[in-house]
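Residues in the sequence shown are numbered from 1 upward in steps of one, following the numbering used here.
Only one structure is covered here, and it is reproduced in the block below.
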Amino acid sequence: MLTGKVAVVTGASRGIGKSVALELAGRGVRIVASARNAELLDALVAEITAAGGEAVAVVGDVSVAADADRLIAQAVETFGQVDILVNNAGITRDGLLLRMKDEDWDAVLDTNLKGAFLCIRAAAKVMTRKRSGRIINISSVIGEMGGAGQVNYSASKAGLLGLTKSTALELARRNITVNAITPGFIVTDMTDVVSDKAREALIAQIPLGRLGEVEDIAHSVAFLASDQAAYITGQVLGINGGMYM
Ligand code: NAP
1 MLTGKVAVVT GASRGIGKSV ALELAGRGVR IVASARNAEL LDALVAEITA AGGEAVAVVG
61 DVSVAADADR LIAQAVETFG QVDILVNNAG ITRDGLLLRM KDEDWDAVLD TNLKGAFLCI
121 RAAAKVMTRK RSGRIINISS VIGEMGGAGQ VNYSASKAGL LGLTKSTALE LARRNITVNA
181 ITPGFIVTDM TDVVSDKARE ALIAQIPLGR LGEVEDIAHS VAFLASDQAA YITGQVLGIN
241 GGMYM
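Written as structure tokens, this is what we have:
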């Protein structure tokens, strides 16, 4: 039963994170929605509240330690606990290796990998006290198979898999599970930048013949957060239409 649990969802203002927040809220989870865009977060909170759910917005940048600490502290202050942490905030700054700027490397690693570490470190303190918790990290198929023009993004998402497994080992005795999801190409703002021609080429590589929808990811997050997934930890769940097996 997920009813009454508290989930912190990073990158909840748009795309996959917003869908995860709505999916969990629909199952009775109290949502702490975080991102940098206050207006979009407020709209999400209003949508959840209008549907009879409970949610609060916490504006912040996951790559800043003080913001990550404040995010978890506000979750505890508002709802008394953190049962589920979904590390979903992520960015791309694509470019070829030889032209990759230091700042593009740093921005992607800081948001996608360090951000997850900071939120996990803060949330784990609360979860270990309660001897229960679920941590779900949104990595990427690009972290598994690599991507030309994406050395920074691929490294950050592969790093997230190592972070997932090491954290799973450290926290297992505290009854905290830690898993990663590796989405393939999902229809969001992140993939909207792809040209029609490139999109057709992408679809040709996907055995199921389509891009994924945000709900394809949100349903699996809800499963990994549920009691049914209690014996699953340190795992990587690929949701990619079969493009990488
Ligand atoms: P999106 O539509 O671009 O949304 C990204 C979210 O992350 C936004 O809510 C954004 O909010 C937030 N965010 C970015 N930087 C942040 C920061 N420093 N601090 C806090 N929040 C931050 O992307 P998406 O497609 O939904 O992707 C969500 C996750 O799935 C990412 O980790 C992405 O790498 C992963 N993923 C996506 C795909 C795909 O095909 N779409 C595939 C594989 C993996 P603000 O801008 O308001 O801060």
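Note that beta-carbon positions come from the ideal geometry of N, C-alpha and C, so glycine has one too.
Three-way DSSP call (helix, strand, coil) for residue i in this model
| i | result |
| --- | --- |
| T182 | strand |
| Q150 | strand |
| T177 | strand |
| T233 | coil |
| L208 | coil |
| V164 | Checking the sequence, you will find Thr at residue 164 rather than Val. Helix. |
| T3 | coil |
| T188 | coil |
| N112 | helix |
| R30 | strand |
| A55 | strand |
Classification of residue i by the beta-carbon crowding that lies within 10 angstroms, buried from 16 upward
| i | result |
| --- | --- |
| D196 | exposed |
| R173 | exposed |
| A204 | exposed |
| M245 | exposed |
| A25 | buried |
| Y153 | buried |
| G4 | exposed |
| R99 | exposed |
| R131 | exposed |
Beta carbon of residue i nearer than 8 Å to that of residue j
| i | j | result |
| --- | --- | --- |
| L161 | F185 | no |
| V56 | V29 | no |
| A225 | L2 | yes |
| N240 | T182 | yes |
| N87 | N37 | no |
| L85 | I120 | yes |
| V8 | A158 | no |
| K165 | G115 | no |
| A65 | S34 | no |
| G95 | G149 | yes |
| D110 | S63 | yes |
Can you check the stretch 79-145 for any beta strand (DSSP E) of at least 3 residues that lies completely inside it and give the ranges in chain order? The stretch 79-145 contains these whole beta strand (DSSP E) runs: 84-87, 133-138.
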